[in-house]
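Numbering (this note's numbering), first residue to last: 57 to 391.
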Ligand SMILES: [Mn+2]
């Protein structure tokens, strides 16, 4: 259980804040940052939201005031002089990529508000609830603890987006009656669930839709279909989305799990220099433990690995080999 009063104490004590989140921010990251910023705004606090990545197109509708900035060194002075740094929705400093050095240098009092396992100790205080389905729900309780009247429509929209996206639209594990109560409250405050869903998921480009189609056509199976995986190598990526920038293929991997046989789904994304792997599972197969063997992490049913500088073929071999071993041991343990 998170001590919300302690977070409020910190917010009341100080006046200038930096809010940041992880590389390739998802809906939970962006929604949580904005809801927190709207809260600070109402308390007349000075704040700056600055991230390594720019905000994915499908979440920009939440940021009408353009409060979120993409990091460059012109922000260094403000980051160094801030009194508090709030890290949301991540727990290892490396996930801020280009911001690692400046975050190490700032003397700001640092806190994490998050729901991932095994936080790294780069901050002064950690507020983590691994049972929470989204960081957004923690921000909701934080504001509610202070004064629920401060949850206005735009805050509700940001929080709804955070919770909707991190729960796969309310389908994943850790959905409880309580989560639905929170969401009901957000809708009561003016959030239009259909509008948000369409903004987030139904405005992708034709190219990205075709990329999804080809990714699905190329799904490969192992262990009688218990493992299903997709490979997005530079060839297929360049064919549809010719850019060196990493982009969001969040959700593609879930199609691997739509097969009846599949317990473990994986997506291999070839970076300019390295490989990113997204892992998803059904039931109690712990993909976070598989990810941790390669320096990654996450949740029981959703985790990720990032191997900079490594070749796609090598990563494919070793991750699939380890996945098979883990799955065999897992099935043995069920007997
Ligand atoms: Mn999250």
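All residues carry an ideal CB built from backbone N, CA and C; glycine is no exception.
| task | Name, in chain order, the residues that DSSP records as bridge partners for residue 358. | result | By one-based count along the chain shown, residue 358 stands at place 302. Looking at the DSSP output, residue 358 sits in a beta bridge with 336.
| field | Length of the line joining the Cα atoms of residue 157 and residue 317 | value | Walking along the chain shown from the start, residue 157 turns up at place 101. Walking along the chain shown from the start, residue 317 turns up at place 261. Using only the alpha carbons, I get a separation of about 45 Å.
| query | Between which two residues does the alpha helix (DSSP H) carrying residue 76 extend? | reply | Taking the first residue of the chain shown as 1, we reach residue 76 at position 20. Unbroken run through residue 76 is the beta strand (DSSP E), 72 to 76; no alpha helix (DSSP H).
| field | Rounded Cβ spacing between residue 249 and residue 219 (contact assumed at less than 8 Å) | value | To locate residue 249, count along the chain shown from 1; it is residue 193. To locate residue 219, count along the chain shown from 1; it is residue 163. Residue 249 to residue 219, Cβ: 11 Å. No contact.
| said: I need the DSSP call for residue 142, collapsed to helix, strand or coil. | reply: Walking along the chain shown from the start, residue 142 turns up at place 86. Correct three-state label for residue 142: strand.
| message | Considering only heavy atoms of ligand 1, does any lie closer than 7 Å to the CB of residue 379? | response | For this step, residue 379 is matched to residue 323 along the chain shown. No; taking the cut-off as 7 Å, the Cβ of residue 379 has no heavy atom of ligand 1 nearer than that.
| Where residue 383 and residue 229 are concerned, what is the direct C-alpha to C-alpha distance, given to the nearest angstrom? | Indexing the chain shown from 1 puts residue 383 at position 327. Indexing the chain shown from 1 puts residue 229 at position 173. The alpha-carbon atoms of residue 383 and residue 229 are separated by roughly 20 Å.
| request: Quick one: which unbroken beta strand (DSSP E) runs of 3-plus residues sit fully inside the stretch 180 to 213? Chain order, please. | output: Whole beta strand (DSSP E) segments, 3+ residues: 181 to 184.
| query | Would the stretch 97 to 108 and the stretch 235 to 248 be scored as touching if the rule is three or more Cβ pairs under 8 Å? | reply | When Cβ pairs closer than 8 Å are counted between the two stretches, the stretch 97 to 108 is seen not to touch the stretch 235 to 248, the count staying below three.
| Just reading off the beta strand (DSSP E) that residue 326 is part of, what are its end residues? | As a position in the chain shown, residue 326 is number 270, starting the count at 1. For residue 326, the enclosing beta strand (DSSP E) starts and ends at 320 to 327.
| query | From residue 82 to residue 151, what does the alpha carbon distance come to, in whole angstroms? | reply | In the chain shown, counting from the first residue as 1, residue 82 sits at position 26. In the chain shown, counting from the first residue as 1, residue 151 sits at position 95. In this model, residue 82 and residue 151 are separated by some 13 Å (Cα to Cα).
| request: Could you have a look at residue 164 and say whether DSSP puts it in helix, strand or coil? | output: In the chain shown, counting from the first residue as 1, residue 164 sits at position 108. Secondary structure of residue 164 (DSSP, three-state): coil.
| On the premise that residue 169 lies in contact with residue 183, defined as a C-beta separation below 8 Å, what is that separation, rounded to the nearest angstrom? | What you label residue 183 is simply residue 127 of the chain shown in a count that begins at 1. What you label residue 169 is simply residue 113 of the chain shown in a count that begins at 1. The beta carbons of residue 183 and residue 169 sit about 5 Å from each other, so the pair counts as a contact at 8 Å.
| message | Going by the DSSP bridge assignment, what does residue 297 pair with across the sheet? | response | Here residue 297 corresponds to residue number 241 of the chain shown, with the count starting at 1. Beta-bridge pairing links residue 297 to no other residue.
| task | Please write down, chain order preserved, every residue whose beta carbon lies under 5 Å from a heavy atom of ligand 1. | result | In chain order, the residues positioned with their C-beta nearer than 5 Å to some heavy atom of ligand 1 are 84, 145, 191, 222.
| query | How about residue 337 and residue 357: are their beta carbons less than 8 Å apart? | reply | The count along the chain shown starts at 1 and reaches residue 337 at position 281. The count along the chain shown starts at 1 and reaches residue 357 at position 301. Going by beta carbons, residue 337 and residue 357 fall inside the 8 Å limit.
| field | Residue interval of the alpha helix (DSSP H) (run including residue 114) | value | Counting from 1 along the chain shown, the entry for residue 114 is found at position 58. Looking at the DSSP string, residue 114 is not in any alpha helix (DSSP H), and its letter there is neither H nor E.
| request: Mind the definition here: the stretch 266 to 283 touches the stretch 377 to 391 only if three or more C-beta pairs lie below 8 Å; say whether that holds. | output: Taking one beta carbon from each stretch, the stretch 266 to 283 and the stretch 377 to 391 have 3 or more pairs nearer than 8 Å; the two touch.
| In chain order, what residues of the same chain have a beta carbon less than 7 Å from the beta carbon of residue 88, not counting five sequence neighbours either side? | Here residue 88 corresponds to residue number 32 of the chain shown, with the count starting at 1. 144, 145, 191, 192, 195, 218, listed in sequence order.
| task | Express the C-alpha separation of residue 111 and residue 259 in angstroms, rounding to a whole number. | result | Sequence index remark: in the chain shown, residue 259 carries index 203 (1-based). Sequence index remark: in the chain shown, residue 111 carries index 55 (1-based). Taking the straight line from one Cα to the other gives about 15 Å.
| said: Taking 7 Å as the limit between beta carbons, can you name the residues of its chain near residue 311, skipping five residues before and five after? | reply: Counting from one through the chain shown, the residue named residue 311 turns up at place 255. Only residues of its own chain outside the window of five on either side were considered, and among them 272 have a CB closer than 7 Å to the CB of residue 311, listed in chain order.
| C-beta contact flag for residue 139 and residue 72 at 8 Å | The sequence position of residue 139 within the chain shown is 83, counting from 1. The sequence position of residue 72 within the chain shown is 16, counting from 1. Pairing residue 139 with residue 72 gives a Cβ-Cβ distance under 8 Å.
| Distance between residue 155 and residue 328 (C-alpha atoms, nearest Å) | Working through the chain shown from its first residue, we reach residue 328 at position 272. Working through the chain shown from its first residue, we reach residue 155 at position 99. Cα to Cα, the separation comes out at about 20 Å.
| Given that a residue counts as buried once 16 or more other Cβ atoms are within 10 Å of its Cβ, and exposed if not, what is residue 247? | Stepping through the chain shown from its first residue, residue 247 is reached at position 191. With 16 or more Cβ atoms within 10 Å of its Cβ, residue 247 is classed as buried.
| query | Hey, out of 325, 234, 319, whose CA is closest to residue 339's CA? | reply | On the chain shown, position 283 is the one that residue 339 refers to. Ranking the options by Cα distance to residue 339, first place goes to 319.
| message | Measuring alpha carbon to alpha carbon, tell me which residue in 90, 321, 302, 198 is nearest residue 330. | response | Position 274 of the chain shown, counting from 1, holds the residue named residue 330. Residue 330 has its Cα closest to that of 302, out of 90, 321, 302, 198.
| message | Which same chain residues end up closer than 7 Å to residue 349 when comparing Cβ atoms and leaving out the 5 residues on each side of it in sequence? | response | Residue 349 sits at position 293 when you count from the first residue of the chain shown. Excluding sequence neighbours, residue 349 sits near 378.
| field | residue 67 to residue 91 span [Cα, whole Å] | value | Translated into the one-based positions of the chain shown, residue 67 becomes position 11. Translated into the one-based positions of the chain shown, residue 91 becomes position 35. Answer to the nearest angstrom: the Cα atoms are 14 Å apart.
| query | Cβ of residue 236 less than 8 Å from any chain B Cβ? | reply | Checking the listed chains, one finds no chain B in this structure; it contains a single protein chain.
| request: Taking only the alpha-carbon atoms, compute the straight-line gap between residue 255 and residue 210 and give it to the nearest angstrom. | output: Here residue 255 is taken as the residue at index 199 of the chain shown, counted from 1. Here residue 210 is taken as the residue at index 154 of the chain shown, counted from 1. Cα atoms of residue 255 and residue 210: separation of roughly 14 Å, rounded to the nearest angstrom.
| said: Beta-carbon within less than 6 Å of residue 290's beta-carbon, same chain only, minus the 5 sequence neighbours each way: which residues are those? | reply: Working through the chain shown from its first residue, we reach residue 290 at position 234. Within the same chain, Cβ atoms closer than 6 Å to the Cβ of residue 290 are found at 326, the five residues on either side in sequence being excluded.
| Alpha carbon of residue 166 to alpha carbon of residue 180, nearest angstrom | On the chain shown, position 110 is the one that residue 166 refers to. On the chain shown, position 124 is the one that residue 180 refers to. Near 5 Å, if we compare the C-alpha coordinates of residue 180 and residue 166.
| query | Which residues in the same chain as residue 313 place their Cβ atom closer than 7 Å to its Cβ, once the five residues preceding and following it in sequence are excluded? | reply | If you number the chain shown from 1, residue 313 lands on position 257. Setting aside the 5 residues that flank it on each side, residue 313 is surrounded in the same chain by 321, 336, 338, each with a C-beta closer than 7 Å to its C-beta; the list follows chain order.
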